[in-house]
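Number of protein chains: 2
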Amino acid sequence: MTTLPTGGLALSQLDEQLLQPGVKGLALTAPLRQHMIGVQRWNVLAGDTGFPVALLKTSSLRHNLDWMRAFCARHGALLAPHGKTTMSPQLFDAQLANGAWGITLATASQVQVAARFGVRRVLLANEVVAASDIRVLLQLLRDNPAFELFALADSLDGVQRLADAVTAAGLRRPLPLLVELGIAGKRAGCRTSDEAMAVARAIAAAPGLQLAGIEGYEGLLVTTDRAADLERVDAFLQAMVDLVRQCDAEGLFAGPQILLSAGGSSYFDRVAQCFAGVTGTSRPVLSIVRSGCYLTNDHGHYFELTRELDERAGGGVGLVPALEVWSTVLSRPEPTLAILGMGKRDASHDLGLPRALLRHRIGAAGPVALDDGWHIEKMNDQHAYLRLPENEVDELRVGDLVGCGISHPCTTFDKWSVLLLVEDDYRVTGAVNTFF
Amino acid sequence: MTTLPTGGLALSQLDEQLLQPGVKGLALTAPLRQHMIGVQRWNVLAGDTGFPVALLKTSSLRHNLDWMRAFCARHGALLAPHGKTTMSPQLFDAQLANGAWGITLATASQVQVAARFGVRRVLLANEVVAASDIRVLLQLLRDNPAFELFALADSLDGVQRLADAVTAAGLRRPLPLLVELGIAGKRAGCRTSDEAMAVARAIAAAPGLQLAGIEGYEGLLVTTDRAADLERVDAFLQAMVDLVRQCDAEGLFAGPQILLSAGGSSYFDRVAQCFAGVTGTSRPVLSIVRSGCYLTNDHGHYFELTRELDERAGGGVGLVPALEVWSTVLSRPEPTLAILGMGKRDASHDLGLPRALLRHRIGAAGPVALDDGWHIEKMNDQHAYLRLPENEVDELRVGDLVGCGISHPCTTFDKWSVLLLVEDDYRVTGAVNTFF
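Protein sequence lines correspond, in order, to chains A and B.
The UniProt record's numbering applies: residue 1 is where the first sequence begins, and numbers increase by one.
The UniProt record's numbering applies: residue 1 is where the second sequence begins, and numbers increase by one.
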């Protein structure tokens with residue numbers, strides 16, 4: 001990475017790795033050491049890369065990093081960005097270097113990847129249940145005294161499984177757990193305070209376990225009625241705070257602080273505001289937000305949600321999209337139809353199809369912005385169907401490039417093992433890797 | 001691979017590679033050479049693997065390989081299975097060892113992966129347009145005299161780009177191209193015979209290019225009215241045959257044979273039947289079907305379509321599903337709801353959600369089949385929502401395993417870098433890799 005910080009032995013090994021011909025987006029004719037990408041003088045607009053290609057705009061990443069640091073400072077919140085979004089060691093490192101408290105992850109194998117690349121504090125925002133998953137996590141804790149892991153529990157069965165495993169493994173330090181509070185009809189998490197308290201008491205009483213905090217995920221409360229959503233979000237967050245007080249009153253927490261964590265990428269402003277006021281507890285409360293999509297944002301689902309968040313905060317320049325997928329016009333089979341060499345294998349399609357942003361003819365002065373009359377109407381595995389406005393059918397030829405924004409970074413990152421870092425003029429300055 | 005053939009230097013390098021902790025589905029606590037997976041005595045039902053984990057049942061792969069070889073022999077068709085489905089060198093190798101004529105692919109980078117792992121004949125069933133893509137393909141042809149590549153064209157612009165590039169590269173052998181015939185309102189391909197003939201004549205006249213055949217993709221004609229679909233499929237295939245005859249009458253074909261290729265995974269029976277009757281041409285016609293999903297089949301979209309295909313052929317044991325994704329019950333937050341540790345990152349969701357097939361409690365005698373009352377109703381990135389029948393809510397606990405079939409192999413394979421090979425009793429015998 002050229003303008004974002006990097007560090008650690010394993011990260012430098014990524015820079016040194018020999019990329020083989022066949023890596024998507026690179027069009028290599030011979031193996032290339034990854035750190036040499038930045039000195040190839042590639043420019044996407046000159047057609048130097050392979051197509052399709054996934055791009056991260058460095059200036060937008062930098063803006064979003066700065067924005068989030070300022071946000072957290074303003075609200076007294078800590079950031080444990082959800083690493084499952086990118087699963088990119090270089091982007092984990094950039095976020096940690098920017099002041100993130102830790103990295104949030106969803107599975108044991110994701111934790112292993114993060115630990116391998118130097119992440120030292122993980123919030124595993126998920127229940128850990130499978131014996132094999134517990135085994136790999138306990139091994140990480142045993143082998144790396146500096147490695148910190150916090151995980152979730154929402155059932156007495158789950159607590160028992162963890163307690164038994166920790167005891168059997170002879171782990172010398174307690175495993176800190178957060179009780180997950182859930183929402184009726186939604187995902188995991190205790191459905192009532194009574195259930196949550198029973199789990200909390202079981203953790204506090206179990207040998208080898210430690211009650212470290214309370215966790216919830218309000219991000220599932222997205223409907224078409226945002227006012228009602230926000231009411232439910234606030235009520236849920238308040239229930240989490242009440243649970244903290246109840247556990248504290250019973251003396252269930254152990255360790256130097258209480259972790260209180262919520263916050264997907266839609267409502268982390270409400271989370272930070274609600275949790276900022278929690279004082280008077282036996283030990284300090286750490287308010288931890290977990291947005292994963294803030295870093296790259298997008299041109300769809302999360303762009304809209306973070307625009308709303310920005311408006312709630314009174315405006316200003318909010319988060320900006322950093323991730324684009326560029327492809328070639330392979331065919332112009334009908335006047336208003338272009339077939340692009342980009343499909344479900346290359347861009348997310350679960351929260352909206354990609355948005356056509358720019359067209360570019362190689363050799364032209366620069367790309368041309370596309371209005372809403374241009375839209376992707378369908379994708380197959382390897383192709384997208386771009387519909388053109390009837391009065392602009394002469395503007396796009398076979399071989400032209402089309403730059404698309406995406407909706408939902410998580411399901412775009414997982415389609416690329418290498419994403420290219422570009423300047424605003426689409427000069428390629430480096431690359432990041434993903435491990436899915 | 002234990003019971004499927006393997007070969008080639010690069011494939012043995014895959015066997016020798018050191019897999020790192022963090023590879024999804026393996027739960028490694030230390031690096032492991034891939035070929036050692038088969039001697040670990042892992043059994044999925046004993047919880048020895050990580051979860052989620054993607055499994056290929058070796059006996060079902062073997063059945064499907066045999067089934068397809070017999071099908072092709074019966075119809076005088078050649079098989080160039082679409083490699084984009086699996087992008088797995090070991091599965092390419094198994095199919096070639098089973099008599100496949102070549103491997104079909106969709107992009108230049110996929111061709112590079114296949115060539116790297118020993119594939120020697122590729123049908124690139126797509127237009128090749130980007131200069132960087134053309135460059136890497138011509139380099140493969142120049143560096144490997146034994147490597148054969150056939151690609152598509154559907155426009156005069158496209159033909160010109162290829163002709164210019166081949167001339168500039170000084171390639172000593174002509175680049176063989178197939179004209180793509182398309183379908184109104186669908187993907188790439190010439191919309192009329194007149195357009196297709198113009199492209200065919202341009203190829204025949206261009207220096208460095210050679211007209212090798214006619215290609216089409218009838219697999220886009222899937223609606224809810226199958227009788228009408230089949231009529232359109234047959235008419236489309238007949239138009240392809242007519243195009244062969246017209247090109248042949250004009251003496252446009254070069255090379256020792258004429259390639260005539262269609263066939264996704266839904267209607268390859270019609271393709272084989274229609275193309276079997278093409279005789280009387282100046283040189284032999286090779287009828288090439290391209291199904292990619294026959295190898296693993298699925299428990300959804302393609303299972304239904306190949307069942308219909310089997311009925312059209314008069315019954316018998318058809319293709320069987322070979323691909324399953326197993327995960328753990330992470331949470332039982334409500335009586336009829338279980339949250340599984342498997343999501344959009346692990347299983348396809350574009351042509352139907354996964355189907356819950358089996359539940360298993362570790363230590364129990366064996367897995368229990370689930371009826372249609374059990375169904376996955378939703379997936380997030382890392383979680384699935386399994387709905388239970390009201391009279392069986394006591395049958396599933398936190399920590400139990402659930403085995404799911406999937407719908408659409410292409411968008412499941414691309415979520416795994418390693419898939420495990422299992423016997424019918426879920427003993428793990430080996431692994432295959434994917435390169436997306």
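Glycine included, every Cβ here is placed at the ideal spot set by N, Cα and C.
Keep in mind the model is a prediction, meaning the values are calculated, not measured.
List, in order along the chain, the chain B residues whose C-beta lies closer than 7 Å to that of residue i?
i, result
"A/Glu215", "Residues of chain B passing the Cβ test: none, with the nearest at roughly 13 Å."
"A/Arg142", "Under the 7 Å cutoff, chain B gives no residues; its nearest Cβ is about 10 Å from A/Arg142."
"A/Glu131", "Sequence check: residue 131 of chain A is Ala here, not Glu. In chain order: Gly47."
Looking at the structure shown, is residue i part of a helix, part of a strand, or coil, going by DSSP?
i, result
"A/Phe413", "helix"
"A/Phe150", "strand"
"A/Leu171", "coil"
"B/Asn391", "helix"
"B/Ile37", "helix"
"A/Leu26", "coil"
"A/Trp326", "strand"
"A/His82", "strand"
"B/Val159", "helix"
"A/Glu377", "strand"
"A/Tyr302", "helix"
"A/Asn433", "strand"
"B/Leu370", "coil"
Got a sec: is the Cβ-Cβ distance from residue i to anything in chain A below 8 Å?
i, result
"B/Thr29", "yes"
"B/Gln139", "yes"
"B/Phe436", "yes"
"B/Pro333", "yes"
"B/Asp298", "no"
"B/Val271", "no"
"B/Leu11", "no"
Judging by CA-CA distance, which residue of the options is the nearest neighbour of residue i?
i, options, result
"B/Phe236", "B/Leu209, B/Arg312, B/Phe275", "B/Phe275"
"B/Arg397", "B/Lys415, B/Leu337, B/Leu96", "B/Leu337"
"B/Ile323", "B/Arg332, B/Tyr302, B/Gly219, B/Gly314", "Strictly speaking, residue 323 of chain B in this sequence is Leu, with Ile absent from that position. Measuring from the Cα of B/Leu323, the nearest candidate turns out to be B/Tyr302."
"B/Arg332", "A/Asn64, A/Gly76, A/Glu127, A/Asn98", "A/Glu127"
"B/Ile203", "B/Leu18, B/Leu177, B/Thr328", "B/Leu177"
"B/Trp67", "B/Leu419, B/Val320, B/Arg359", "B/Val320"
"A/Trp268", "A/Asp242, A/Asp310, A/Ser417", "Per the sequence shown, the amino acid found at residue 268 of chain A is Phe instead of Trp. For the residues A/Asp242, A/Asp310, A/Ser417, the minimum Cα distance to A/Phe268 belongs to A/Asp310."
"A/Leu221", "A/Ile214, A/Arg232, A/Ala364, A/Gly213", "A/Arg232"
"B/Gln273", "B/Gln238, B/Glu250, B/Asn297", "B/Gln238"
"A/Gly363", "A/Gly99, A/Thr29, A/Leu45, A/Ile37", "A/Leu45"
Quick one: list the residues of chain D neighbouring residue i, beta-carbon separation under 7 Å, in chain order.
i, result
"A/Asp394", "Given the protein chain composition of this structure (A and B), no chain D is represented."
Please check if any C-beta of chain B sits within less than 8 Å of the C-beta of residue i.
i, result
"A/Ala205", "no"
"A/Val23", "yes"
"A/Cys410", "yes"
"A/Asp350", "yes"
"A/Ser60", "no"
"A/Phe51", "yes"
"A/Gln17", "no"
"A/Asn126", "yes"
"A/Ser155", "yes"
"A/Thr6", "Confidence at A/Thr6 is low in this model, with a pLDDT of 43, below 50, so its placement is unreliable and the value that follows should be read with caution. No - not a single Cβ of chain B is within 8 Å of the one on A/Thr6."
"A/Asp93", "no"
"A/Arg290", "no"
"A/Arg121", "no"
"A/Arg172", "no"
"A/Asp414", "yes"
Please list, in chain order, the chain B residues whose beta carbon lies closer than 8 Å to that of residue i.
i, result
"A/His63", "Neighbours of A/His63 on chain B: none; closest Cβ ~25 Å, over 8 Å."
"A/Ala108", "Ala27, Gly50"
Chain A partners of residue i, CB-CB under 8 Å?
i, result
"B/Arg187", "Ser331, Pro333, Ile339, Asn380, His383, Tyr385"
"B/Val113", "Gly22"
Give me the chain A residues within the contact set of residue i, using Cβ-Cβ distance strictly less than 9 Å, ordered along the chain.
i, result
"B/Val166", "Going along chain A, no residue has its Cβ under 9 Å from B/Val166, so there is no contact; the nearest lies around 16 Å."
Chain A partners of residue i, CB-CB under 7 Å?
i, result
"B/Lys57", "Simply none; closest approach about 21 Å."
"B/Gly328", "According to the sequence displayed, residue 328 of chain B carries Thr and not Gly. Within 7 Å Cβ-Cβ: Val129, Ala130."
"B/Arg161", "Gly399"
Got a sec: does the ligand GDP put a non-hydrogen atom nearer than 7 Å to the Cβ of residue i?
i, result
"A/Pro52", "Of the ligands one can find in the structure shown there are none, so the ligand GDP has no counterpart to examine."
Counting only runs of 3+ residues fully inside the segment 181-220 of chain B, write out the beta strand (DSSP E) ranges in chain order. The qualifying runs are 209-216.
What are the start and end residues of each continuous alpha helix (DSSP H) run of 4 or more residues lying completely inside the segment 208-295 of chain A, in chain order? 226-249, 268-276
Alpha helix (DSSP H) runs contained entirely in the segment 85-153 of chain B, provided each spans 4 or more residues: 89-97, 108-116, 131-143
Taking only runs of the beta strand (DSSP E) that begin and end inside the segment 338-362 of chain A, which ones reach a length of at least 3 residues, in chain order? If only uninterrupted beta strand (DSSP E) runs of at least 3 residues are considered, those enclosed by the segment 338-362 of chain A are 355-360.
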